[in-house]
Amino acid sequence: MATDAGTPIPRFPPGFLWGVSTSAHQIEGAAELREPSVWDAFTAEPGRVKDGSTAAVACDHYHRHREDVALLADLGVNAYRFSVSWPRVRSEGGLDFYDRLVDELCAAGVRPVPTLFHWDLPADLDWLDRDTAARFADHVALVAGRLGDRVPRWITLNEPAEHTLLGHALGVHAPGRRLLFDALPVAHHQLLAHGLAVRALRAAGAADIGVANSHGPTWAASAEAADVEAADFYDLLLNRLFADPLLLGRYPDGIEALLPGDVEADLKVIAEPLDWYGVNYYAPTRVGAPQGTRIEFGGVTMPAELPFSVREIEGHPVTDFGWPVVPEGLTELLTSFRDRYGDRLPPVVITENGCSYPGVDDQDRIAYLDGHLRALHRALQAGVDVRGYFVWSLLDNFEWAEGYARRFGLVHVDFETLERTPKASYAWFQEVLRAQGARDQR
159 MATDAGTPIP
169 RFPPGFLWGV
179 STSAHQIEGA
189 AELREPSVWD
199 AFTAEPGRVK
209 DGSTAAVACD
219 HYHRHREDVA
229 LLADLGVNAY
239 RFSVSWPRVR
249 SEGGLDFYDR
259 LVDELCAAGV
269 RPVPTLFHWD
279 LPADLDWLDR
289 DTAARFADHV
299 ALVAGRLGDR
309 VPRWITLNEP
319 AEHTLLGHAL
329 GVHAPGRRLL
339 FDALPVAHHQ
349 LLAHGLAVRA
359 LRAAGAADIG
369 VANSHGPTWA
379 ASAEAADVEA
389 ADFYDLLLNR
399 LFADPLLLGR
409 YPDGIEALLP
419 GDVEADLKVI
429 AEPLDWYGVN
439 YYAPTRVGAP
449 QGTRIEFGGV
459 TMPAELPFSV
469 REIEGHPVTD
479 FGWPVVPEGL
489 TELLTSFRDR
499 YGDRLPPVVI
509 TENGCSYPGV
519 DDQDRIAYLD
529 GHLRALHRAL
539 QAGVDVRGYF
549 VWSLLDNFEW
559 AEGYARRFGL
569 VHVDFETLER
579 TPKASYAWFQ
589 EVLRAQGARD
599 QR
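So, in structure tokens, the structure goes:
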């Protein structure tokens, strides 16, 4: 298949996972059929979501999941990453929905890859409370006991870094706290929850477990010592804080003293061996010394009191969200992880990669995905053990604090009628999957 580059996407190895990703709160709707989450409370507060919307209906995937499974089958993916809503599982009959969804995916020849937490914490729980980690392990055991006979591959958490930073440090996501560095216990308790979840999954017989951590290269704004120091600190907070404990069994220097409880004992749980490591990649971040002013970056206002400032990356196109399009950053990230973690890094799966653009004839999205797949293949050629790639996302959805203004889907959703319309990128990815023989690798 010809691309803008004039050549087909390079061939990936046999057995490669080709999929798309979604999350429960962003697409399911049917809010009346589950317990409330922290996001329901957050979106009920005026001014929290830019267009004033909520996810009460969203894409109504709960009622239209058969239609969406048909879209997956027609697309030709061999795997589908979705999340299991903890508030829905706690409601009467809530697991029945996921039972049906998994059955329908299997019947369609699409491997289910559930994420067990994707930010929709039950409203009566709190990640500042250590006990939430144990409660999560109970939730995981319940879900695995019900679905484990058909689900071989599991993801524990999605992006604990963003959930900590945006939800608890900066207050722009649910639950809306602005704790800055006092949010560090939230990071630790999520990582502890991950380790306990791995143990619960192993006890249920699971043998294919990963996590979905967001990562990106951090580029210093200049070679000046202050900029380099600030960039190193940002990299520690957004990358190493969430990778080092899982892969090395320790926190970066200076972090452990800021965390609650018996951290050394907790690290033995956090570092439970993984079968693969999930990476959500969108863009690098350019970071410099603090500038003493509030900065708007990627839809988020960064407080002036932070010990770094996020700067624009010039010379690259940007998405509708204002994020720079830097495919080579994916190659850089993966090769740097290989160099940093060596044989402690398990096989890698790209669990999210995508972009926000308007319209159905979304040629910019095609160019974005084309570039990132080529960058991923370059990482593979450089010796990184890459096993899969998931596009974010199947459907346009509720994009958290942005509401419905940002469209990441391969399928357009009319949020008035809920009609689904495959975009040009859907047809393009369909051809890529056909050329790669994705459905022959089930």
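In this text, residue positions in the sequence shown follow my numbering: the first is 159, and each later residue adds one.
Ideal Cβ placement from N, Cα and C applies to all residues, glycine included.
If you're wondering where the values come from, they're calculated on a predicted model, not measured in any experiment.
Exercise for review: Below 8 Å on the Cβ atoms is my guess for H535 versus F170; work out the distance and round it to an integer in Å.
Suggested key: Contact flag correct, Cβ pair sits at about 7 Å.
Review point. Per DSSP, F275 is paired with what?
Key: L315
Review point. Taking the runs of the alpha helix (DSSP H) that are 4 residues or longer, which of them lie wholly in the stretch 454 to 535?
Key: 486 to 499
Review point. Just the Cα atoms here: how many angstroms apart are L394 and P403?
Key: 12 Å
**Study point:** Identified DSSP bridge partners for F240
**Key:** For F240, which the question treats as bridged, DSSP gives the partners P272.
Exercise for review: Following the continuous alpha helix (DSSP H) through F391, name the residue where it begins and the one where it ends.
Suggested key: A383 to D393
**Study point:** Other residues of its chain near D519: CB distance less than 8 Å, five sequence neighbours each side excluded
**Key:** Taken in chain order, the residues that qualify are K581 and A582.
Review point. Are there three or more Cβ pairs, one per stretch, closer than 8 Å when the stretch 188 to 202 is compared with the stretch 211 to 220?
Key: yes
Check your understanding: Under 7 Å from any heavy atom of the ligand COA, does the C-beta of P516 make it?
Key -> The ligand COA is not part of the structure shown, which contains no ligands of any sort.
Exercise for review: Kindly indicate which three-state DSSP category I167 falls into: helix, strand or coil?
Suggested key: coil
Point to revise | First and last residue of the uninterrupted beta strand (DSSP E) at Y256 | key: That residue, Y256, is in no beta strand (DSSP E); its alpha helix (DSSP H) goes G252 to A265.
Check your understanding: Quick one: complete beta strand (DSSP E) runs, 3+ long, within the stretch 337 to 374?
Key -> The DSSP assignment places 367 to 372 as complete runs of the beta strand (DSSP E) inside the stretch 337 to 374, in order along the chain (cut-off: 3 residues).
Review point. In whole angstroms, what is the alpha-carbon distance linking R269 and D598?
Key: Approximately 13 Å between the Cα atoms of the pair.
Point to revise | Residues bridged to H570 [DSSP beta-bridge criterion] | key: T579
Exercise for review: Compute the beta-carbon to beta-carbon distance between F479 and R564, rounded to the nearest angstrom, for a pair I have assumed lies under 8 Å.
Suggested key: Contact between F479 and R564 holds, since their C-beta atoms are separated by about 6 Å, short of 8 Å.
Check your understanding: Can you check whether the CB of P485 is closer than 8 Å to the CB of A388?
Key -> no
Check your understanding: CA-CA distance, H373 and N397?
Key -> 6 Å
Review point. How would you call Q184, buried or exposed, if buried means at least 16 neighbouring beta carbons within 10 angstroms?
Key: With 16 or more other Cβ atoms within 10 Å, it is buried.
**Study point:** Neighbour-count burial assignment, F495, 16 or more Cβ in a 10 Å radius
**Key:** buried
Check your understanding: Which residues bound the alpha helix (DSSP H) around L406?
Key -> L399 to L406
Review point. According to the Cβ coordinates, are T579 and V590 closer than 8 Å?
Key: no
Check your understanding: Can we say the stretch 172 to 186 touches the stretch 201 to 209, given the rule of at least three CB pairs closer than 8 Å?
Key -> no
Review point. Between the C-alpha atoms of V386 and W377, what's the straight-line distance to the nearest angstrom?
Key: 8 Å
Check your understanding: Are there 16 or more other CB atoms within 10 angstroms of the CB of P475, so buried, or fewer, so exposed?
Key -> exposed
Point to revise | Test item: CB-CB of V298 and A355 under 8 Å | key: Their beta carbons are under 8 Å apart, which means V298 touches A355 by this criterion.
Check your understanding: Hey, how far is the Cα of F339 from the Cα of L323?
Key -> 9 Å
Practice item. For P418, count neighbouring C-beta atoms within 10 Å of its own C-beta (all shown protein chains included) and say buried if the count is 16 or more, exposed if not. Key: exposed
Practice item. For the beta strand (DSSP E) containing L175, list its first residue and its last residue. Key: L175 to S179
Review point. Which whole-angstrom value describes the C-beta separation of L230 and A202, a residue pair presumed to lie in contact below a C-beta threshold of 8 Å?
Key: A202 and L230 do not touch by the CB rule: their CB atoms are close to 32 Å apart, not below 8 Å.
Check your understanding: Among P461, A401, P272 and D232, which one has its Cα closest to the Cα of L491?
Key -> If we check each option's Cα against that of L491, A401 comes out closest.
Point to revise | Host alpha helix (DSSP H) of V421 (start-end) | key: V421 to I428
**Study point:** Local conformation of L323 per DSSP, three classes
**Key:** helix
Exercise for review: Pull up the distance between the alpha-carbon of V427 and that of G353, whole angstroms please.
Suggested key: 5 Å
Review point. Does the stretch 256 to 266 come within contact of the stretch 314 to 330, defined as at least 3 CB pairs closer than 8 Å?
Key: no
Review point. What's the call for A214, buried or exposed, on a 16-neighbour Cβ count within 10 Å?
Key: exposed
Practice item. Assign V301 to one of three DSSP states: helix, strand, or coil. Key: Helix at V301.
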